[in-house]
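**Q**
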Amino acid sequence: MRKVAIIGSGSWGVALAIYLAGQGNEVRIWSFSEDERDMINNEKKCKFLPKAVIPDGVYCSTDIKEVVEWSEIILHVTPSKFTRNVVKQYKDFVTNQGVIICSKGFEADSLKTLDQVVKDELPNNRIGVLSGPSHAEEVSVLIPTALVVAAEDSELADMVIDMFKSENMRMYSSKDVRGVELGGALKNIIAFCAGVCAGLELGDNTFAALLTRGLVEISRLGVALGGQKDTFYGLTGLGDLIVTCSSMHSRNRRAGMLIGKGYSIDETRKEVGMTIESIDNIEVAYKLSKLHNIEVPIIDTVYGVLYNNLNPREAVKMLMTRDLKSE
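Under my numbering, think of the first position of the sequence shown as 130, with each following residue one higher.
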């Protein structure tokens, strides 16, 4: 049994809390919201997970010191854009705990991955990444799932695997921290594009082409940014891509559908009602591709849709009529 701090009370943070408490661990969640804290503690519910029931082993607090100082390991599960600011709030309370990044995205201003952001703030702590095809809605009700934990420190990876492994959770380890993190972040972009295709009422042929060529772009850019190519064809790349592109649980896919139907970015954010990592990730990936001179036509085109008023149907036409080449 471990004392687990979960930083963030969104759907994924609460799903992890439910699962880990069910495995016999003590769990404390930090939330910035008093309303979410009270719902978790008093009603044993999460507004983002209507089918889930929170067990007694989970306690939520708005006091980040109380949560972090008590813990043996920290799971960081805030939206990417808040990562650095939240780590700054708790870094003085961290001793020798490992920090596992469970969010998927980038820091927009610096173009850094989240493991780089956390290392900036906690340079002397062990850092890992947890990723894979895992909807919070399914993990919270014990639907069988497989995840990857990536860490340079094998003892930290083994601790996470021991906490999570069960008949409902198959765990794999990796040393490729950068690749595992990039797979989780970049696939959100292709999931958004899959949603655009659905919003335009395109077909299965289009969907298959998008996933296949999207995976090529993810791996091409991911390798340029320091990941290992094989990682992008595993759970955190291909696996996460499949689940996020094909399911209505995916807020990134839902957001793309709304854009395909003609909604603005602001209207889309309001309708989805939760953080949409893909919209921010698209801008970061576009800038990184230019910085590293990597060809990513799908990312270029969806960037045009979001930020240069390119019509989604015109975007599809542009991709389909590019110069022909060998696969």
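Glycine is no exception: its CB is placed at the ideal position from the N, C-alpha and C atoms.
Here the structure is a predicted model, which means the values were calculated and not measured.
1) Considering only the alpha carbon of each residue, which of 169, 253 and 402 lies closest to residue 188?
2) Scan the stretch 236-313 and note each continuous beta strand (DSSP E) run of 3 residues or more that stays entirely inside, going in chain order.
3) Any chance you could list the alpha helix (DSSP H) runs of at least 4 consecutive residues sitting entirely within the stretch 136-166, in chain order?
4) With 16 other CB atoms within 10 Å as the buried threshold, where does residue 369 fall?
5) Taking one C-beta from the stretch 203-223 and one from the stretch 294-304 each time, how about it: are there three or more such pairs within less than 8 Å?
6) Take residue 387 and list the residues in its own chain whose beta-carbon comes closer than 8 Å to its own, dropping the five residues that flank it on each side.
7) Would you list, in sequence order, the uninterrupted beta strand (DSSP E) runs of no fewer than 3 residues that lie entirely inside the stretch 165-203?
8) What's the call for residue 288, buried or exposed, on a 16-neighbour Cβ count within 10 Å?
9) Our contact map puts residue 191 next to residue 166 with C-beta atoms below 8 Å; I'd like the distance itself, whole angstroms only.
10) Please classify residue 300 as buried or exposed, where buried requires at least 16 other C-beta atoms within 10 Å of its C-beta.
11) Buried or exposed: where does residue 140 fall if 16 or more other Cβ atoms within 10 Å of its Cβ makes it buried?
12) Note down, in chain order, each residue of its chain lying with its Cβ closer than 7 Å to the Cβ of residue 132, except the 5 sequence neighbours on either side.
13) What does residue 227 pair with, by DSSP beta-bridge criteria?
14) Determine the DSSP secondary structure at residue 390, reduced to helix, strand or coil.
15) Rounding to the nearest angstrom, what Cα-Cα distance links residue 224 and residue 153 in this structure?
16) Candidates 347, 310 and 392: which alpha carbon is nearest residue 233's?
17) Could you have a look at residue 372 and say whether DSSP puts it in helix, strand or coil?
18) With distances taken from CA atoms, which of 413, 343, 357 and 438 is nearest residue 304?
19) For the putative contact between residue 318 and residue 414, defined by C-beta atoms under 8 Å, what is the C-beta separation to the nearest angstrom?
20) Are the Cβ atoms of residue 312 and residue 351 separated by less than 8 Å?
21) Going by Cα to Cα distance, which pick from 290, 243, 380 and 393 is closest to residue 439?
22) Cβ atoms of residue 308 and residue 360: under 8 Å apart, would you say?
**A** In short, the structure shows the following:
1) Of 169, 253 and 402, the residue nearest in Cα terms is 169.
2) Secondary structure remark: continuous beta strand (DSSP E) runs of at least 3 residues inside the stretch 236-313, in chain order: 256-260, 274-280 and 298-303.
3) Taking only runs of at least 4 residues, the alpha helix (DSSP H) segments lying wholly in the stretch 136-166 are 140-151.
4) Only buried fits residue 369, as 16 or more other CB atoms lie within 10 angstroms of its CB.
5) These segments do not touch.
6) These residues qualify, in order along the chain: 324, 328, 396, 397, 400 and 401.
7) Those beta strand (DSSP E) runs which fall completely within the stretch 165-203 and span 3+ residues are 187-190.
8) Counting other Cβ atoms within 10 Å of its Cβ, residue 288 reaches 16 or more and is therefore classed as buried.
9) In this structure residue 191 is in contact with residue 166, their Cβ atoms being roughly 5 Å apart against a cut-off of 8 Å.
10) Buried.
11) Of the other Cβ atoms in all chains shown, 16 or more fall within 10 Å of the Cβ of residue 140; this residue is therefore buried.
12) Listed in chain order, the non-local C-beta contacts of residue 132 below 7 Å within the same chain comprise 155, 199, 200 and 201, local neighbours out to five positions each way being set aside.
13) Answer is 202.
14) Note: residue 390 maps to coil in three-state DSSP.
15) Those two C-alpha atoms are separated by around 23 Å.
16) Out of 347, 310 and 392, 310 has the C-alpha closest to the C-alpha of residue 233.
17) Reduced to three states, the DSSP call for residue 372 is helix.
18) Measuring from the Cα of residue 304, the nearest candidate turns out to be 357.
19) Confirmed, Cβ separation roughly 6 Å.
20) Taking 8 Å as the Cβ cut-off, residue 312 and residue 351 qualify as a contacting pair.
21) With distances taken between Cα atoms, residue 439 lies closest to 393.
22) Cβ distance < 8 Å, so residue 360 and residue 308 count as in contact.
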